[in-house]
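As structure tokens, the structure follows; a few thoughts come after it.
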Amino acid sequence: MIRVEGLRRNFGAIRAVDGVGFEAQDGRITGLLGPNGAGKSTTLRILYTVLRPDSGTASIDGIDVLQDPIATRRAIGVLPHSAGIYPHLTARENIAYFGRLHGLAGDALARRVDEVTAALDIAGYAGRRAKGFSQGERIKVALARALVHGPKNLLLDEPTNGLDVMATRALRALVLELRSAGHCILFSSHVMQEVVALCDDIVIIDHGRVVAAGTPEALRGQFGAATLEDAFVAAIGDARGLE
Amino acid sequence: MISSIRAVMLKELRESLRDRRTLLTSLLLGPIFAPLFFILILKLALSRSIASQDELAPVTVANAAAAPNLVQQLRESGLKVTLRDGSDAEIRRWISETDGLVVLRVPANFAARFTEGKPAAVMVYTDGSDSKAERHAARVRDAVGAYSALIGGLRLQARGVAPTVVHAVVVDQVDVSTPSARATLLLGMLSYVILLITLLGGLYLAIDATAGERERGSLEALLTLPVVREHLIYGKIAGAAVMMIVALALVTASIAVALGAVPLETFGMSANFGPGVAWRVFLNVAPFALVGAALLTVVASFTKSYKEAQSWLGVVMLVPTVPIAIAAVLSVQPQASLMLVPSLSQHLVIQGLMRGEPLSAAWMLLAAASALVLGLLLTWLAGRLYRREAILG
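Below, the structure written as structure tokens:
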């Protein structure tokens, strides 16, 4: 469960996030939808504690993100926008490294690594060095290491970027599975299809503000639009950044 | 050690050891081949200068018939005498035609003046711009001078005067340098080599762990882990320090082995770099690895890309050589205050050990302690830098 209220963050004169507020519930997939530069990544970065907001509050499972960043990080799994992995380590070692820094060790660590490699279907190349991995393989490893400590909440920044159709489908299936297991999933995207295919709740962001939020049906109703795409265009005023 | 620092350190080391290029430059080319190369060149230079000492200097004597005793004296002084008659103009032509030629011309009036007891001149022709010829000419002049002194002495004796009266003052040169100290002069560069190669050992790890991590896009994910940010950078510095210590161990061992193969003894020098000295050099320079690791990591943390880090660190690598160079120019003597200057203090400690005149234990401890303190300070600074948001780049 993620709760965000009145987040503001400026970079110099640019207001990247200008009063964003929303909730993401457990067992649901919440999509942050908006054009490039709308403030999605900055919002997520504040939530996963690498940036601090100028004002506003955010909490994850009741933990104040600003007061206790370490506890926050224990409660979340993160796939950042640039989810690079270590080329000289094998897929397994990449995942185990993050597990170790989450405090796992010994048999417990090995068991968790086995579980996530199986769940993400990377057992086939788990022992290979990551140097020659395809973008899809890399994203899967990055996702596996985000899940290694079994976090309740998942923050995914444009997870399907650079993935081919098959990899995208696999990722969607995984996200849906995690939802049915009761996880709280928050992901950002500027791809309409992505959001339509997956999200239970949608938060539309533009110019650092939330311009509309709700279930797909509620959003269509709110803007009297036949499709979500029309609703999105009506919400942000034009078709910028739509795909 | 805190488990997260250990985990980061081990991961960085594992990655470094798997990268063949890093391994090659950090632990093979640098520590093992650089000293071998250095010492090979030293050996070549030594054997050449030994050879040039032993060689017979050739000299051509024109009009030798006028001074047979002089020519005999030249032969006895180890000169290779060739006889060939020619005029002043001819001799000048020979010299312009032949490299390294030295000609001694005995003038026609030599015998007459010699018999009369008047100064009898001989001419030594040489091309002063030809260093080899100049070296041979010096041998010829010495031989003629010795002959002149000998004859002068005999003449004084014949007139009932002791030859020693003409030697009002004589110079006796006393060289008190020990054979090791003489070698150290020549091997002074070795402490540069040791310090630079130690730094080089951790260079790639320091870049990879900071700028490399950012460039590959793995830094942001790393920062979302429940680890105090300082511990991440402490682990990376520890990894670089371990690489540097391994490089240091390899380079001291390699120098110890390679120096055994150089004929320094033929020059009256001894290379005091046996296993005992190598071990003490290793122990005394090891604390410097922390300074190097932290310094390189701090600087690399500021850079945005691998390339940028490489070019910056290329400059930073030279920083520790600056105090050594300044000290060499001012030819400073070891003193307690200099033990507080890392790199210079290690240089002086190494020099002392190689000379066989080690600095006092207190000074060596002071050098190690000051390096450790500076290393910890830089490590703390790196931790501060990693706490900033800007580290994301």
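Chains as they are written, first to last, in the numbering used here: chain A, 3 to 245; chain B, 1260 to 1652. By construction, the Cβ of each residue, glycine as well, lies at the ideal position given by its N, Cα and C atoms.
Query                                                                                                                                                                                   : Result
Go to residue 1547 of chain B, then tell me how far its alpha helix (DSSP H) extends in each direction, as first and last residue.                                                      : 1534-1561
Let's test the definition: count the other Cβ atoms within 10 Å of the Cβ of residue 1500 of chain B and tell me whether it reaches 16, buried, or not, exposed.                        : buried
With 8 Å as the limit, tell me which residues of the segment 75-88 of chain A have their beta carbon closer than that to any beta carbon of chain B; keep them in chain order.          : 75, 76, 78, 80, 81, 82, 83, 84, 85, 86, 87, 88
Looking at residue 1613 of chain B and residue 1536 of chain B, is the spacing between their C-beta atoms short of 8 Å?                                                                 : yes
Looking at residue 1515 of chain B and residue 1495 of chain B, is the spacing between their C-beta atoms short of 8 Å?                                                                 : no
On the criterion of 16 or more Cβ atoms from any shown chain inside 10 Å, does residue 1205 of chain B qualify as buried, or is it exposed?                                             : In this structure chain B extends from 1260 to 1652, so residue 1205 of chain B is not present and cannot be described.
Name the chain B residues that come within less than 7 Å of residue 104 of chain A, Cβ to Cβ?                                                                                           : 1484, 1485
Have a look at residue 1226 of chain B and residue 132 of chain A and give me their C-alpha separation to the nearest angstrom.                                                         : Nothing about residue 1226 of chain B can be reported from this structure: the residues present for chain B run from 1260 to 1652 only.
Quick check: is any heavy atom of the ligand GDP less than 7 Å from the C-beta of residue 146 of chain A?                                                                               : With respect to the ligand GDP, the structure offers nothing, as it holds no ligand at all.
Identify whether residue 203 of chain A lies in helix, strand or coil by the three-state DSSP scheme.                                                                                   : strand
Counting only runs that start and end within the segment 1551-1637 of chain B, where is the alpha helix (DSSP H) found for 4 or more residues in a row?                                 : 1565-1575, 1580-1589, 1603-1614
Mapping DSSP to helix, strand and coil, what is residue 62 of chain A?                                                                                                                  : strand
Mapping the DSSP letters down to three states, classify residue 96 of chain A as helix, strand or coil.                                                                                 : helix
Could you pull out every unbroken beta strand (DSSP E) segment of at least 3 residues lying fully inside the segment 1342-1376 of chain B, listed in chain order?                       : 1362-1364
Ignoring anything shorter than 4 residues or poking outside the segment 1456-1499 of chain B, list the alpha helix (DSSP H) runs there in chain order.                                  : 1472-1475, 1478-1482
Could you tell me which of A:117, A:150, A:165, A:157 sits nearest to residue 100 of chain A, measuring between CA atoms?                                                               : A:150
At a CB-CB cut-off below 9 Å, which residues of chain A make contact with residue 1651 of chain B?                                                                                      : 47, 52, 53
Quick check on residue 232 of chain A: does DSSP put it in helix, strand or coil?                                                                                                       : helix
Inspect the beta-carbon positions of residue 52 of chain A and residue 60 of chain A and report whether they are closer than 8 Å.                                                       : no
Along chain A, which residues have their Cβ under 7 Å away from the Cβ of residue 1476 of chain B?                                                                                      : 84, 85, 86
Tell me which same chain residues have a C-beta within less than 7 Å of the C-beta of residue 1564 of chain B, skipping the five on either side of it?                                  : 1470, 1474
Cβ closer than 7 Å: which chain B residues qualify as neighbours of residue 90 of chain A?                                                                                              : 1274, 1277, 1278
According to DSSP, is residue 40 of chain A helix, strand or coil?                                                                                                                      : coil
In whole angstroms, what separates the C-alpha of residue 1454 of chain B from that of residue 1484 of chain B?                                                                         : 36 Å
Enumerate in chain order the residues of its own chain whose CB-to-CB distance from residue 42 of chain A is below 7 Å, with the five nearest sequence positions on each side excluded. : 34, 36, 190, 207
If you measure from the beta carbon of residue 1595 of chain B to each beta carbon in chain A, is any gap under 8 Å?                                                                    : no
Using a Cβ-Cβ cut-off of 8 Å, state whether residue 1 of chain A counts as contacting chain B.                                                                                          : This structure gives no information on residue 1 of chain A, because the portion of chain A shown stretches from 3 to 245.
Would you report the Cα separation of residue 8 of chain A and residue 19 of chain A, rounded to the nearest angstrom?                                                                  : 9 Å
Which class does residue 154 of chain A belong to by DSSP, given the choice of helix, strand or coil?                                                                                   : coil
In terms of residue numbering, what span does the alpha helix (DSSP H) encompassing residue 1330 of chain B cover?                                                                      : 1327-1335
Tell me the rounded alpha-carbon separation between residue 111 of chain A and residue 128 of chain A.                                                                                  : 15 Å
To the nearest angstrom, how far is it from the Cα of residue 1645 of chain B to the Cα of residue 1560 of chain B?                                                                     : 8 Å
Going along chain A in order, which residues have a C-beta closer than 9 Å to the C-beta of residue 1263 of chain B?                                                                    : 102, 103, 105
In whole angstroms, what is the alpha-carbon distance linking residue 1322 of chain B and residue 1414 of chain B?                                                                      : 25 Å
What residue range does the beta strand (DSSP E) around residue 188 of chain A cover?                                                                                                   : 186-191
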